[in-house]
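Q:
Numbering (the numbering used here), first residue to last: 40 to 691.
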């Protein structure tokens with residue numbers, strides 16, 4: 040329903056609420072250019088609490104208080120744009136919007152056209168009177184052009200094509216930026232605590248996790264809300280911390296907690312929405328229904344959360360939230376089992392293959408289940424294997440495109456396509472487009488920010504934008520190992536060693552058995568001349584995770600005799616003794632040893648390793664261009680040749 044309908048119908052209902060709607064409009068009009076005049080102030084002026092005013096407007100007009108205020112401001116904006124010669128930015132501030140971007144986005148969603156099109160629509164309406172009299176002449180001009188006119192037309196089209204491409208690209212980039220800006224400026228943030236499984240059946244844990252995940256997916260479709268990733272929330276499964284403590288750690292305003300119980304053919308979901316900072320329950324409800332109704336329950340919970348948080352849902356968002364992902368509960372349980380094993384991140388012990396099998400089973404039982412296709416594509420993509428070995432690149436692309444064909448709102452499918460283009464196809468223009476599209480579809484997709492950040496740093500050399508995007512990923516998923524790792528690396532490359540140490544400390548807390556945090560510390564100490572501390576860091580790691588290919592005692596002797604370079608050389612030689620030749624090294628080992636060789640100045644060997652990696656189409660090569668370990672190779676013809684073949688270009 041448009042603004043005029045909502046507001047005028049409310050004011051025309053005589054006697055209802057003693058002219059409440061008219062009084063509210065008058066109050067907003069008196070504070071029109073005051074961006075601070077919001078729900079709290081409006082409620083105070085009419086002597087009501089926020090919740091009481093919200094309920095009255097919901098009953099009266101079917102909209103929230105914040106939507107009422109916004110629509111009134113936009114109605115006045117439309118009047119000003121029609122009557123005065125002003126810019127959208129000028130109007131935005133006159134009607135109380137602090138952000139012209141948010142104003143334009145809100146205006147477009149309400150009226151279906153931008154503020155800049157208002158005048159054009161008035162002119163088009165006026166000119167339509169004479170349009171018919173000119174139609175015949177215009178048609179004949181196009182139908183029978185003279186050679187001169189034909190040439191002129193071609194030149195105009197050719198001249199406009201680059202401009203058109205520029206405008207389309209700029210508009211796409213603006214849309215992508217707008218979605219981020221709205222999410223970043225929102226004061227509404229929420230995290231979903233792991234749902235408690237109250238069923239006796241252990242298998243029901245997958246089901247409970249699935250209920251939470253679908254609600255997470257639904258909430259991600261709502262504009263103007265920051266939603267913390269479920270991977271960061273997993274640590275709170277058995278927590279005894281209070282709501283304010285959790286909110287402080289992950290920086291959110293609200294928490295959703297729930298319990299799920301399956302019994303016979305029924306399901307009971309008890310849900311609570313909490314104002315985390317005040318530690319007050321805002322809303323709670325119990326849903327006790329047939330098991331087959333679980334997807335409707337998830338949709339209802341999501342819409343109610345939006346209502347309680349006074350978030351505006353467009354008709355399209357409501358349709359997306361009410362969409363049923365699959366009609367088969369067994370299919371969804373198979374999908375959730377696949378997600379469980381994929382999230383264990385331990386592919387070396389077969390759990391990656393296990394997740395793939397579950398996703399395949401889900402697709403076999405329901406070929407229309409879009410989420411299973413994108414999950415299977417992602418499982419292949421991040422399995423740690425080179426997809427060129429078993430010719431799986433095309434398969435991953437087909438799976439992602441199938442998911443999009445079934446549901447074009449799935450952000451993760453575009454992350455998969457972007458990563459495929461970036462790491463495998465070396466189609467950098469396509470990669471950037473896909474990552475931006477993923478973020479535009481879901482500004483809460485932390486993985487999209489992580490991989491786009493890596494792309495920006497390694498392909499474009501845009502360290503500032505890379506930092507900006509990794510920081511956004513960390514706000515959405517503060518316990519993501521990959522996001523914290525990238526953050527540590529960027530700080531190291533920038534020479535911000537103290538901040539890098541802070542990040543590696545977090546990495547050790549998240550996963551103390553992963554070598555990356557220790558290795559970065561070695562480089563940090565080495566860069567500052569503290570080589571003894573660096574070698575101690577390396578020894579500490581190998582004592583925690585005993586190596587199968589080198590001796591810690593020999594490593595210490597190598598350091599004593601030849602310093603840190605001796606340790607690096609011993610490490611590389613140990614790799615070779617274990618596999619026989621560089622061509623037998625694994626994907627990561629090959630690239631890591633090339634980095635080390637470049638770092639210690641063995642240019643010839645470093646290039647040999649990189650050329651082997653190139654022949655294999657190694658996924659790690661996508662970071663080669665701005666990798667600081669190869670800074671001494673950047674003038675080498677063989678190195679530049681690799682960059683050229685990968686469509687990475689040279690250096691300015």
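Ideal Cβ placement from N, Cα and C applies to all residues, glycine included.
Hey, is the segment 331-340 in contact with the segment 303-313, meaning 3+ C-beta pairs nearer than 8 Å?
A: yes
Q: Under the rule that 16 or more other beta-carbon atoms within 10 Å means buried, what is residue 518, buried or exposed?
A: Per the 10 Å Cβ criterion, buried.
Q: Among the candidates 439, 463, 412 and 132, whose CA atom is the shortest distance from the CA of residue 426?
A: 463
Q: By Cβ distance, which residues of its chain are closer than 6 Å to residue 453, with the 5 residues on each side in sequence left out?
A: These residues qualify, in order along the chain: 473, 476 and 477.
Q: Within a Cβ cutoff of 6 Å, which residues of the same chain sit near residue 238, ignoring the five residues on either side of it in sequence?
A: 300 and 301
Q: In this structure, does DSSP put residue 34 in helix, strand or coil?
A: Since the first residue shown for the chain is 40 and the last is 691, residue 34 is missing from the structure and cannot be characterised.
Q: Thinking C-beta only, is residue 247 closer than 8 Å to residue 240?
A: no
Q: Would a C-beta distance cut-off of 8 Å place residue 461 and residue 496 closer than the cut-off?
A: At least 8 Å separates the beta-carbon of residue 461 from that of residue 496.
Q: Please state the DSSP three-state secondary structure of residue 699.
A: Within the shown structure, residues of the chain are numbered from 40 to 691, placing residue 699 beyond reach of any answer.
Q: Would you report the Cα separation of residue 354 and residue 118, rounded to the nearest angstrom?
A: 25 Å
Q: Thinking residue 516 and residue 544 are a contact (beta carbons under 8 Å), I'd like their distance in whole angstroms, please.
A: Not confirmed; about 18 Å, so no contact.
Q: Looking only at its own chain, which residues have a Cβ that is under 6 Å from the Cβ of residue 296, when we skip the five neighbours before and after it?
A: 232 and 311
Q: Among 601, 415, 152 and 440, whose alpha-carbon lies nearest the alpha-carbon of residue 392?
A: 415
Q: Can you give the Cα-Cα distance for residue 83 and residue 77, rounded to whole angstroms?
A: 10 Å
Q: Leaving aside the five residues before and after residue 184 along the sequence, list all residues of the same chain whose C-beta is less than 6 Å from its C-beta, in chain order.
A: Legend: pLDDT at residue 184 = 41, less than 50; position of this residue unreliable, no value from coordinates given.
Q: Which two residues bound the contiguous beta strand (DSSP E) that contains residue 293?
A: 293-302
Q: Can you tell me which of 316, 265 and 270 puts its alpha carbon nearest to the alpha carbon of residue 280?
A: 316 is the residue among 316, 265 and 270 whose C-alpha sits nearest the C-alpha of residue 280.
Q: Taking buried to mean at least 16 other C-beta atoms within 10 Å of its own C-beta, is residue 367 buried or exposed?
A: Residue 367 should be labelled exposed.
Q: Among 228, 458, 59 and 126, which one has its Cα closest to the Cα of residue 313?
A: 228
Q: Could you check what DSSP says for residue 228 in three-state terms: helix, strand or coil?
A: strand
Q: Looking only at its chain, what residues have a beta carbon closer than 6 Å to the beta carbon of residue 556, apart from the 5 residues adjacent to it on each side?
A: 543, 546 and 547
Q: Out of 100, 374 and 91, point me to the one whose CA is closest to residue 61's CA.
A: 100
Q: Ignoring anything shorter than 3 residues or poking outside the segment 316-368, list the beta strand (DSSP E) runs there in chain order.
A: Within the segment 316-368, the complete beta strand (DSSP E) runs of at least 3 residues fall at 319-329.
Q: If you reduce the DSSP assignment to three classes, tell me which class residue 236 lands in.
A: strand
Q: How is residue 430 classed by DSSP in three states: helix, strand or coil?
A: coil
Q: Below 8 Å between beta carbons: does that hold for residue 576 and residue 564?
A: yes
Q: Out of 95, 131, 87 and 261, which has the shortest C-alpha to C-alpha gap to residue 351?
A: 261
Q: Which one or two residues does DSSP pair with residue 67 in a beta bridge?
A: DSSP links residue 67 through a beta bridge to no other residue.
Q: So what's residue 310 in DSSP terms, helix, strand or just coil?
A: strand
Q: Of the choices 493, 502 and 489, whose alpha-carbon is the least far from that of residue 511?
A: 489
Q: Could you tell me the boundaries of the alpha helix (DSSP H) in which residue 122 lies?
A: 104-122
Q: On the three-state DSSP scale, how would you describe residue 89?
A: helix
Q: Going by the DSSP bridge assignment, what does residue 266 pair with across the sheet?
A: 229
Q: Could you please give the first and the last residue of the uninterrupted alpha helix (DSSP H) stretch that includes residue 676?
A: 676-684
Q: Mapping DSSP to helix, strand and coil, what is residue 305?
A: Strand.
Q: Going straight from the alpha carbon of residue 446 to that of residue 409, what length do you get?
A: 6 Å
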